[in-house]
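Protein chains in written order, with the working numbering: chain H, 1 to 337; chain A, 338 to 952.
Worksheet for the structure shown next.
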C-alpha cells in the first residue's frame with residue numbers, strides 16, 4: 001500500500017459548476033460520495049467514474065477523479081473494458097433507472113453475471129428527468145406522464161430482485177435523504193470485491209416529487225423503512241417493536257409483545273440468498289416495510305481476477321511460438337530462390 | 338501395369354470442389370491449396386459455404402464449395418469458370434455444372450447418385466446414366482464410396498466414418514492428375530488426428546486409393562504439370578485474411594509494447610478473428626466475448642481509455658450497432674481499431690457471401706460530423722499490413738480507424754512473402770506524464786498531427802473528464818458555444834485529413850496515362866490487376882490504381898485521374914466508391930458493378946474496358 005496523505009472532501013470536488021435542478025436528490029448523493037471517498041482511498045488518480053446518459057450520468061463531471069461520460073445505457077461496457085485492461089483501477093459506474101434498466105438493461109445484467117470488480121450506483125427516481133418527465137421502467141403502473149396521459153401500462157422492474165436474479169454478489173439499497181446510511185453503503189460497496197450494486201432511491205423534485213416521501217417523512221418513515229444489518233434482527237417501527245417473523249417460508253410483520261418476542265424475529269444474514277430474495281420482494285409492497293441496507297453480499301471469483309489468472313497460465317506455456325516472428329514463420333513454408 | 342499416360346505442362350488451372358456441407362469440401366480444398374503452395378505455385382482461393390450450419394443432406398441449399406486457382410504465373414484472382422469440377426453428389430452437380438468451362442473435366446462421385454439424392458437435387462433422370470454429360474465434358478464417374486470401403490477394410494471404425502473419407506479419395510485423384518505430393522497431407526492428418534490412429538489410417542488409405550485410381554484406371558490418360566511460379570525471392574507461406582489481420586494486431590502490440598484488448602461478439606464472417614486472438618493470451622492479448630455488438634466496441638473503447646489498444650471486429654449488421662460508439666470515439670479522440678469483414682447486405686443479407694457494400698457505412702455512417710479514417714486491404718496477405726497500419730495510426734492520431742475487409746479476403750488465401758516486422762514503420766507510444774501543481778489540458782494537441790494526449794487513469798495529476806458532449810478546445814471541458822463547436826468540427830476533420838501526409842506515393846500499374854484508368858479499392862484489386870495485365874498484353878493504353886485508403890484519399894490521386902480519358906471503377910456494390918470519387922474530384926467516373934455475393938471476375942472488366950476504348 002502506498003503511504004499517501006489522507007485526502008479531504010474538497011480533493012474530490014471538480015472545478016465544474018454542478019448543474020442539477022435545485023433541490024434534486026443528486027446533490028446529496030454527490031456530496032456524500034465526496035465526503036466518504038477520503039475514507040475509501042488515498043489514491044484518487046486510480047479512481048474512475050463512468051456514466052451513461054441521464055441526469056445522474058453528469059456525476060463524473062463533478063468528481064475530481066478520472067471520469068468518462070459515455071453514451072446512453074452503455075457505461076457498463078466501457079467500465080468492463082477499462083477494468084479488464086487495467087485491473088488496478090477503482091472503477092465506479094453511475095447510472096439511473098432509465099439508463100441502467102431501459103436502454104442499458106442488457107449490459108447491466110451481464111455485468112452482474114460476470115462479476116467484474118466494479119461499483120454500480122444506480123440512482124432510481126422512477127422517472128425520466130433529462131427528457132422531461134416520461135415514465136421509466138421502475139415507475140409504478142398507471143403513472144400519468146407526458147407519454148402516458150391515460151396511465152402507463154407496463155409493470156415496473158424490481159431493481160434489487162433483478163440484480164439478484166442476474167447473479168449479483170453484492171446488492172444493497174439506500175436513499176438520498178439518509179446521509180449516513182448512503183455513505184456507509186458506498187463504503188461497503190468499495191470494500192466488496194466483484195460487481196457491487198447499490199440502488200439509491202433519489203427524489204426528482206421536478207417530475208416525480210415525493211416518490212419516496214413515505215420513506216423520508218418523519219411521521220411515516222419509521223414504520224415504512226426496515227434497516228437491515230448483518231447479524232441483527234429485522235426490527236422497525238416508531239417504537240422499534242415491529243419485526244419480520246418467518247412462518248415457515250412466509251415472512252410476516254409481527255409486533256413484539258405478548259405473542260412474539262425478540263427471539264421470534266428473523267436475524268439478517270447477508271450471505272443467505274433466500275433472505276435476500278425475500279427482502280427484495282418487500283419493495284413497493286403495502287404489507288412490508290422497504291428494506292434498506294446490504295441485502296446480499298457473498299464473495300465469488302471476479303472475472304477480472306480469473307482473466308489475469310488465465311493470462312498468467314498461458315504465459316507459463318513456454319512451448320510453441322514465442323513471438324510474432326515465430327507465428328509468421330509457422331506452418332508450411334517454402335523458399336523462392 | 339504400365340499405362341499410357343502423357344504429361345502436359347499448362348500455365349494455370351481452376352478447380353472447384355463441390356459437395357454436401359458434410360462432405361468435407363473445405364478440407365479437400367484447403368489441403369489442395371496447402372500442397373500447391375508448398376510446390377511453389379501462385380494461387381488464390383474462394384471458399385463458399387451455405388449460411389445454414391447443417392442444411393438437409395443432399396439438398397441444393399446444403400451445397401458447399403471451394404475453388405482454387407493455381408498457376409506457374411503470378412495470378413490475382415481465384416478464377417472465374419473452373420476447368421475442373423469435382424461433384425460429390427447430385428446437388429453439387431446441379432448447382433455448379435453451369436460454371437464448368439465447355440470441355441472441362443468433371444469428376445463425379447458415382448455412389449452418391451442414388452434415387453433419393455437425385456430427387457433432392459431435382460433430377461428426374463440420372464445425368465450420369467443418360468449420356469447428357471459425357472458429350473460435353475471430359476467426364477469421370479468414380480465410385481468413391483466403394484473405393485474407400487474397399488480401401489478401409491479391416492480398420493475398426495464405423496462404416497459411416499469410412500464413408501466420410503471420400504473427400505480424401507477425391508483429393509487423391511486430383512493430386513494424381515496434377516502430380517502433387519501426398520506427404521504434406523499425410524503429415525497433416527497425422528498431426529490433426531494424433532490421438533486417433535484409426536482415423537489417420539482410414540484417411541491415408543482413402544487418399545492413396547484416389548491417387549492409385551488415377552494411376553491405374555485407364556480413363557485418365559493425361560497428367561498436367563503446373564510448374565513453380567516465378568514469384569519474388571524469399572520465404573513464403575500460405576496466408577488467409579483472418580490470420581493476416583490477427584498477425585498484424587500482434588505485430589502492432591510487439592512493436593509498440595501496447596497491451597491489446599480485443600472485445601467482440603460472434604458474427605459471420607468475422608468470428609475467426611476472435612477465435613484466433615483468444616489463443617494468443619501468452620502474447621499478452623486479452624480477448625473478451627461481449628454480450629452484444631455494442632458491448633464489444635464499448636469494452637474496446639474502455640480498454641483504450643485505460644491505456645491498452647482496444648480492437649473490435651464485426652460485419653455489416655454488427656457495425657451498424659456499433660456506430661453510436663464510433664461517434665463517441667471520435668468525440669473523445671481515443672485510439673480504436675474496428676475491423677469490418679463485409680458480407681452481403683442489407684440487414685442479415687448473405688452472411689457467408691462477400692460484398693463491398695459497407696463503404697458508405699464506413700465513411701459516413703454516423704450522426705453528426707464524425708469522420709474516421711478507413712483503410713481497405715487488397716488481398717488476404719495485405720490484411721496484415723492494413724491492420725498494422727490501422728493500429729499504428731489510430732494511436733498516432735488518437736482516432737478510431739476502420740479496416741474494411743470482406744468475406745472473400747478473410748476466408749481466401751494466397752502464397753505470401755513472409756514479412757520482417759522490424760522493417761515496418763516504427764510504432765512508438767507516449768502516454769501523458771504525471772504533473773504537479775499545474776492544470777492538465779486533455780485537448781491540447783500535437784501541432785503536426787493534431788492528436789491530443791493519451792492520458793490514462795492511474796497517472797497522478799492528470800485527473801480529467803471526457804465524454805460525448807462537445808468539448809471546449811484545449812481544456813476539454815463541456816462547452817456549447819457555437820464558434821467552439823464549429824472549430825472542433827474542423828479540427829476533428831483536419832486531424833483525419835492529416836493522415837494523408839503519411840501515405841506513400843500512389844503506384845500506377847501499367848500505362849501512366851492513356852485511355853482508361855481502372856481504379857479499384859480493397860478486394861477488387863485482384864480482378865482489376867488480372868484484367869489490366871491482360872489488356873496491357875494486348876497493347877491497350879490502360880493503367881490500374883489500387884486504393885488502400887478510402888478516407889483520407891491519397892493526395893496525388895486527383896492528378897492521376899486527369900491523365901486518362903476515362904476512369905472505370907469496378908466494385909461489388911452498386912457504385913459507392915464511384916460516388917465518392919465523383920463527389921471528390923468532379924469527374925465522370927464509370928462503374929462496373931455486380932452484387933452477386935462473390936468477387937468480381939476479370940473477364941467482365943476486360944470487356945468493359947474494351948467497350949470504353951472502342952466507344
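From the three backbone atoms N, C-alpha and C, an ideal C-beta is built for every residue, glycine too.
For residue 338 of chain A, is the classification buried or exposed, using 16 other Cβ atoms within 10 angstroms of its Cβ as the cut-off for buried?
Stepping through the second chain from its first residue, residue 338 of chain A is reached at position 1. At residue 338 of chain A the pLDDT is 45, less than 50, meaning the model places this residue with poor confidence and gives no usable figure here.
Take every Cβ of the segment 803–812 of chain A, pair it with every Cβ of the segment 36–46 of chain H, and state whether three or more of those distances are shorter than 8 Å.
In short, these stretches do not touch, since the Cβ pair count stays below three.
Just mark residue 32 of chain H as buried or exposed, buried being the case when its beta carbon has 16 or more other beta carbons within 10 Å.
Counting from one through the first chain, the residue named residue 32 of chain H turns up at place 32. That one is buried.
Run through chain A and tell me which residues come within less than 9 Å of residue 190 of chain H, C-beta to C-beta.
Here residue 190 of chain H corresponds to residue number 190 of the first chain, with the count starting at 1. Here the premise fails: no neighbours, minimum Cβ distance about 16 Å.
Taking residue 20 of chain H and residue 50 of chain H to be in contact with their CB atoms under 8 Å, please state how far apart those CB atoms are, rounded to whole angstroms.
In the first chain, counting from the first residue as 1, residue 20 of chain H sits at position 20. In the first chain, counting from the first residue as 1, residue 50 of chain H sits at position 50. Wrong, their Cβ atoms sit about 19 Å apart, outside the cutoff.
Whole beta strand (DSSP E) runs in the segment 376–430 of chain A with 3 or more residues, listed along the chain?
Fully enclosed beta strand (DSSP E) runs of 3 or longer: 379–385, 400–408 and 421–424.
Run down chain A in chain order and give the residues with a C-beta less than 7 Å from the C-beta of residue 65 of chain H.
On the first chain, residue 65 of chain H is found 65 positions in, with the first residue counted as 1. Ordered by position in chain A, the residues that pass the 7 Å Cβ test against residue 65 of chain H are 800.
Sequence-distant residues of its chain with Cβ nearer than 8 Å to residue 824 of chain A (five each side left out)
To locate residue 824 of chain A, count along the second chain from 1; it is residue 487. The residues are 810.
Extent of the continuous beta strand (DSSP E) run through residue 939 of chain A
Walking along the second chain from the start, residue 939 of chain A turns up at place 602. In the DSSP annotation of this structure, residue 939 of chain A is not part of any beta strand (DSSP E); the continuous alpha helix (DSSP H) holding it starts and ends at 939–950.
Relative to the alpha-carbon of residue 839 of chain A, which residue among A/851, A/795 and A/786 has its alpha-carbon at the smallest distance?
Here residue 839 of chain A is taken as the residue at index 502 of the second chain, counted from 1. Of the candidates A/851, A/795 and A/786, the one whose C-alpha sits nearest the C-alpha of residue 839 of chain A is A/786.
Is the beta carbon of residue 934 of chain A sitting closer than 8 Å to the one on residue 691 of chain A?
Translated into the one-based positions of the second chain, residue 934 of chain A becomes position 597. Translated into the one-based positions of the second chain, residue 691 of chain A becomes position 354. Result yes, Cβ atoms of residue 934 of chain A and residue 691 of chain A sit closer than 8 Å.
Measuring CA to CA, which of A/910, A/918, A/883 and A/907 is closest to residue 895 of chain A?
Numbered from its first residue, the second chain carries residue 895 of chain A at position 558. Closest option to residue 895 of chain A, judged by alpha-carbon separation, among A/910, A/918, A/883 and A/907: A/918.
For a contact meaning CB atoms closer than 7 Å, what does residue 335 of chain H contact in chain A?
For the purposes of this step, residue 335 of chain H is taken as the residue at position 335 of the first chain. Taking the beta carbon of residue 335 of chain H as reference, the chain A residues within 7 Å of it are 572, listed in sequence order.
Provide the residue span of the beta strand (DSSP E) that contains residue 135 of chain H, from first to last.
Walking along the first chain from the start, residue 135 of chain H turns up at place 135. From DSSP, residue 135 of chain H is part of no beta strand (DSSP E); its letter is neither H nor E.
What residues of chain H sit near residue 591 of chain A, judged by a beta carbon separation below 9 Å?
Indexing the second chain from 1 puts residue 591 of chain A at position 254. Here the neighbours are 323, 324 and 325.
Using 8 Å for Cβ pairs, my map puts residue 616 of chain A next to residue 653 of chain A. What's the rounded Cβ distance?
Start at 1 with the first residue of the second chain, and residue 616 of chain A comes out as number 279. Start at 1 with the first residue of the second chain, and residue 653 of chain A comes out as number 316. So it is not a contact: roughly 26 Å between Cβ atoms.
Kindly indicate which residue of A/930, A/904, A/385 and A/903 has the alpha-carbon position closest to the one of residue 913 of chain A.
Locating residue 913 of chain A in the second chain gives position 576, where the first residue counts as 1. When only C-alpha atoms are compared, the closest one is A/930.
Which residues in the same chain have their Cβ closer than 6 Å to the Cβ of residue 634 of chain A, if we skip the five residues on either side of it in sequence?
To locate residue 634 of chain A, count along the second chain from 1; it is residue 297. These residues qualify, in order along the chain: 649, 659 and 662.
So residue 903 of chain A and residue 853 of chain A are in contact, right, with Cβ under 8 Å, and what is the actual spacing, rounded?
Within the second chain, the letter at position 566 stands for residue 903 of chain A. Within the second chain, the letter at position 516 stands for residue 853 of chain A. Separation of the CB atoms of residue 903 of chain A and residue 853 of chain A is rounded to 5 Å, and the pair is thereby assigned contact status at 8 Å.
Residues in the same chain with beta-carbon distance under 8 Å from residue 475 of chain A, minus the five sequence neighbours each way, listed in chain order, please.
For the purposes of this step, residue 475 of chain A is taken as the residue at position 138 of the second chain. Hits under 8 Å: 440, 441, 442 and 443.
Flag this pair as yes or no: are the beta carbons of residue 206 of chain H and residue 235 of chain H separated by less than 8 Å?
Residue 206 of chain H sits at position 206 when you count from the first residue of the first chain. Residue 235 of chain H sits at position 235 when you count from the first residue of the first chain. In this structure, residue 235 of chain H does not lie closer than 8 Å to residue 206 of chain H by Cβ.
Does the beta carbon of residue 88 of chain H sit closer than 8 Å to a beta carbon anywhere in chain A?
Position 88 of the first chain, counted from the first residue, corresponds to residue 88 of chain H. With its beta carbon less than 8 Å from one in chain A, residue 88 of chain H belongs to the interface.
DSSP state of residue 281 of chain H, grouped into three classes?
Residue mapping note: residue 281 of chain H aligns to position 281 of the first chain, counting from 1. Helix, per DSSP.
For the beta strand (DSSP E) holding residue 297 of chain H, just list the boundary residues, first then last.
Locating residue 297 of chain H in the first chain gives position 297, counting from the first residue. Where residue 297 of chain H is concerned, the enclosing beta strand (DSSP E) stretches over 290–297.
Sorted by chain position, which residues of the same chain lie with C-beta nearer than 7 Å to residue 725 of chain A's C-beta, five sequence neighbours on each side aside?
Reading the second chain from its first residue, position 388 is the one you call residue 725 of chain A. Here the set comprises 585, 588, 589 and 761.
To which residues of the same chain is residue 317 of chain H closer than 6 Å at the C-beta, ignoring the five residues directly before and after it?
Residue 317 of chain H sits at position 317 when you count from the first residue of the first chain. Once the five neighbours on either side are set aside, residue 317 of chain H has no close Cβ partner at all.
Is the segment 733–752 of chain A close to the segment 552–559 of chain A, with three or more CB pairs under 8 Å?
Taking 8 Å as the limit for Cβ pairs, the verdict is that the segment 552–559 of chain A does not touch the segment 733–752 of chain A.
Taking the C-alpha atoms as reference points, what is the distance between residue 228 of chain H and residue 204 of chain H?
Mapped onto the first chain, residue 228 of chain H falls at position 228. Mapped onto the first chain, residue 204 of chain H falls at position 204. Here the alpha carbons of residue 204 of chain H and residue 228 of chain H stand approximately 25 Å from one another.
Given 8 Å as the limit, is there contact between the segment 168–176 of chain H and the segment 292–304 of chain H, that is, 3 or more CB pairs closer than that?
With three or more CB-CB distances shorter than 8 Å, the segment 168–176 of chain H counts as touching the segment 292–304 of chain H.
Using the DSSP secondary-structure output, state which residues sit across from residue 601 of chain A in a beta bridge.
Against the second chain, residue 601 of chain A aligns to sequence position 264. Residue 601 of chain A has A/626 as its beta-bridge partners, per DSSP.
Using CA coordinates, which residue listed in A/379, A/591 and A/579 is at the minimum distance from residue 570 of chain A?
The residue given as residue 570 of chain A occupies position 233 in the second chain. Of A/379, A/591 and A/579, the residue nearest in Cα terms is A/379.
Just checking, does the segment 398–414 of chain A make contact with the segment 352–359 of chain A on the three C-beta pairs under 8 Å criterion?
Under the Cβ criterion (8 Å, minimum of three pairs), the segment 398–414 of chain A counts as touching the segment 352–359 of chain A.
Beta-carbon gap between residue 480 of chain A and residue 452 of chain A smaller than 8 Å:
Residue 480 of chain A sits at position 143 when you count from the first residue of the second chain. Residue 452 of chain A sits at position 115 when you count from the first residue of the second chain. Not in contact: residue 480 of chain A and residue 452 of chain A (Cβ atoms no closer than 8 Å).
Taking 8 Å as the threshold (beta carbon to beta carbon), is residue 640 of chain A in contact with chain B?
No chain B is present in this structure, whose protein chains are H and A.
May I have the straight-line CA-CA distance separating residue 945 of chain A from residue 467 of chain A, to the nearest angstrom?
Sequence index remark: in the second chain, residue 945 of chain A carries index 608 (1-based). Sequence index remark: in the second chain, residue 467 of chain A carries index 130 (1-based). Spanning the two alpha carbons is a distance of roughly 39 Å.
Indicate whether residue 314 of chain H and residue 618 of chain A have their beta-carbon atoms separated by less than 8 Å.
Reading the first chain from its first residue, position 314 is the one you call residue 314 of chain H. Reading the second chain from its first residue, position 281 is the one you call residue 618 of chain A. Result yes, Cβ atoms of residue 314 of chain H and residue 618 of chain A sit closer than 8 Å.
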